[in-house]
Amino acid sequence: MDASTAAGVEGRHATDGGGPRTPETAPDASAAPHLRRLFDLLAADAPAEALGAVIGQAREAGVGGADLAETERAVATALRVRSSLRAHRRRELELAALFDTAGDLAASRDLDEVLKAIVRRARMLLGTDTAYLTLPDEEAGDTYMRVTDGSVSPVFQNLRLELGEGLGGLVAQTTRPYATPDYRTDDRFRHTRNINAGVFEEGLVAILGVPLLLGSVHGGDRKVIGVLFAADRTPRAFSPDEVALLSSLAAHAAIAIDTARALHDTRAALAELAEVNALVRAHAAAVQRAEEAHDRLTDLVLRGGGVRDVAAAVAGLLDGALTVHDPGGRPLAAVRHDGGPFAADSMDAGWLVSAAEESRAAARAVARSGRWICAVLAGQELLAIMVLHRREPLEDADRRMFERAGVVTGLLMLLRRTVAETENRVRGELVTDLLTDAGRNPALLAERGRRLGVDLDRPHLVLVADTAPEARDRLSSAVVRHLFGSPGGSASAEHAGAVVLLVSAEGAQAPDQAARAAAVQLGHLTGAPVTVAAAGPTSGPSAIADAHAEAVRCLRALHVLGRHGDGASAGQLGFLGVVLGDAKDVGGFVSGTLGPLLEYDARRGTELVRTLAAYFGAGGSLTRAKAALHVHVNTVVQRLDRIEALLGPDWNHPDRALELQLALRLQQLHL
């Protein structure tokens, strides 16, 4: 009976006038209090044991018969309700966790953070020892362990699986969840030694794997982008609810991964677009600089600017110092980016020429040791070497601008050389007249020279160059290139089978140095040995003709001595210079040859010059020399040692001894 019925019965017994009932005649105890307690326990989420105990309590209270049976049915119903409520609460918790997971995944934009959150939440929701995620490697054609949580084995964390291998391979192939209570004994998927080694080292037994799917459920084109696992190190049978829960998490994870990848791709595309945009802007700026460079260089050429002007313009455009060198590495111009003079670090000429050859071979500017080098060419002829002193790398547009500046420099040098060749032909006629008819009208020749820019009243060096007959045609043009860029007043002409160079001596090298430098440069330009003799410096038409005659005699002496391809002056040839030269600087020859001995004798009061003369006069005999000097032989030896210290160890060699004997003879004659 229910509680209201029991209460009504009790009321009637109390008011019908009957007396108290004896125990033998009393009815069964009411089940109502026990039913109410059952509801209270259910509301308090009491354990199942407490609900089941209500039946025993009712029986002890005297409830029996139909009431006890009703109580038992009520307890059974309460247990079912309790179980259903707990299932609903668990589902609510799981749904809340999934909702939180979805929020966390949606908030994350970093793919690594998304993957770590997925695995961490899977382990937490299912309460497993570990969770992990595998992703396919499309380039390698296999699957690899991407993220783990709770793993302790490096072997397991670095597993790579071929497609179709292991439990994960089965999940990926069937696109369905798969669970095993004991991995070791389950033969429904393909075991491999590699996978077993990782799983056994990690100690995993029960494993649940679900696919991460993208695409429409009904479209039939769903794609597996990974497999999410939860695993325990003890046997465990995963329930359908747990499989469904992990599958729901995998669905969220697949969307989050796809979103993160799409975001990553979008960011990469934006970065690439920004890079392309920067390149476009840089290209536009480079085009603008190229236009500016073209305008400036064109204006320079039209205004008659020189090599230094071009160098200054390019240095400003490229924001670096720039130097221009001749084919031998000698500097022609050096400017900073602001147009001021640039003191460049000394660069080895051989290094420069080698870099220019590399640029010539590559047909482009080349980088060397923090500098950019561009060969200035006319065909295959090296006209000059341009060097950009700039540590930063050059963009392609700037490099091409630098190379175009080399082309402009080459055109400018060719133009100026053509003008110089024309001028030199006119000046060459003056040189020819100086050598053939200098004495007839010197004043007229001097005036003619001034009109041509050659001031004959200023000191000049006269150089005579000669080469083998097959190379003489090349020598004339080589001389013009050699003189190109030289100080004003230079000229050349062919005369008597040789080429005569008239070079301003102001600020120039000594005659012998000028001759050697010309021999080297002309030999390089001609491609054959060139012998050069120098005389001077001198001034005036007649004196220039005389200097030419001296240089011719010196040139003959060089050929007689076999010094082909060399350069020298009469003074450098020693006594041969005295014999061959018209000036016959005897005093200079004597002081240049015996100077150290003369100075030592004058300072110390010794007789080294007299001892040297006696030694040579005695034919190198110490005995006869000591007799002529009236000293002990040891004194002669000591004096000769001092002479060697002053003159050098080669003083007694035949060539040097001949010069010394001639100087001693001239000194004795007071010439």
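Numbering (the numbering used here), first residue to last: 1 to 671.
Using N, Cα and C, we set each Cβ at its ideal position, and we do this for glycine too.
Treat the numbers as computed from the prediction; the structure is a model and nothing was measured.
If you keep only unbroken alpha helix (DSSP H) runs of at least 4 residues inside the stretch 391-457, you get 396-437, 442-451. Shown here, serine 539 sits in coil according to DSSP, grouped into three states, outside any helix or strand.
For tryptophan 651, the secondary structure class from DSSP, reduced to helix, strand or coil, is coil. Secondary structure note for leucine 42: its alpha helix (DSSP H) is the uninterrupted segment 32-43. Taking C-beta atoms under 8 angstroms as the contact rule, valine 530 and glycine 536 fail to qualify, at a distance of about 19 angstroms. Residue pairing of valine 147 in beta bridges, as defined by DSSP: Leu133. By the Cβ criterion, the stretch 143-155 is in contact with the stretch 118-128, since at least three pairs of Cβ atoms, one from each stretch, lie closer than 8 angstroms. Note that the C-beta distance between aspartate 466 and valine 520 is not below 9 angstroms. Taking C-alpha positions only, valine 637 is separated from glycine 595 by approximately 21 angstroms. When DSSP states are grouped into helix, strand and coil, histidine 559 belongs to the helix group.
In terms of Cβ geometry, alanine 44 and aspartate 67 do not form a close pair [threshold 9 angstroms]. The shortest C-alpha to C-alpha distance from methionine 347 to any of Leu555, Gly370, Val462 is the one to Gly370. In the DSSP assignment, phenylalanine 200 falls within the unbroken alpha helix (DSSP H) covering 193-202. Around the beta-carbon of alanine 514, 16 or more other beta-carbon atoms lie within 10 Å, marking it buried. DSSP, read as helix, strand or coil, puts proline 235 in coil. If you compare the alpha carbons of Thr526, Arg190, Gly592, Ala384 with that of serine 354, the shortest gap goes to Ala384. Rounded to the nearest angstrom, the gap between the Cα atoms of isoleucine 225 and leucine 263 is 16 angstroms. Leucine 85 sits away from leucine 51, with the two beta carbons spaced by 9 angstroms or more. Contact between valine 155 and tyrosine 183 is absent: CB atoms are separated by about 15 angstroms, not below the 8 angstroms threshold. In this structure, the straight-line span from the alpha carbon of alanine 568 to that of glycine 453 is close to 28 angstroms. Boundaries of the beta strand (DSSP E) harbouring glycine 567: 567-569, taken from the DSSP string. Taking the C-beta atoms as reference points, leucine 501 is found nearer than 9 angstroms to valine 462. One thing to note: alanine 349 has its Cβ within 9 angstroms of the Cβ of arginine 330. Taking a contact to require three or more Cβ pairs closer than 8 angstroms, the stretch 395-408 and the stretch 286-300 qualify as touching.
For aspartate 466, the three-state secondary structure derived from DSSP is strand. Taking C-beta separations shorter than 8 angstroms and ignoring five residues to either side along the sequence, the partners of threonine 623 in its chain run Val633, following chain order. At least 9 angstroms separates the beta-carbon of alanine 313 from that of alanine 321. Closest option to aspartate 129, judged by alpha-carbon separation, among Arg233, Gln173, Arg642, Glu139: Arg233. A straight line joining the alpha-carbon of alanine 505 with that of aspartate 601 spans about 36 angstroms. When the beta-carbon positions are compared, valine 431 and histidine 337 stay at least 9 angstroms from each other.
Bridge partners of valine 532 according to DSSP: Ala465, Gly567. For the pair leucine 167 and phenylalanine 189, the CB atoms are nearer than the 9 angstroms cut-off.
For valine 387, the enclosing beta strand (DSSP E) stretches over residues 381-389. If you keep only unbroken beta strand (DSSP E) runs of at least 3 residues inside the stretch 281-351, you get 321-325, 331-335. Taking arginine 481 as reference, the option from Asp455, Arg451, Ala518 with the minimal CA-CA separation is Ala518. Around glycine 198, the same chain offers Ser153, Val155, Phe156, Leu159 as residues with beta carbons nearer than 7 angstroms, after the five sequence neighbours per side are excluded.
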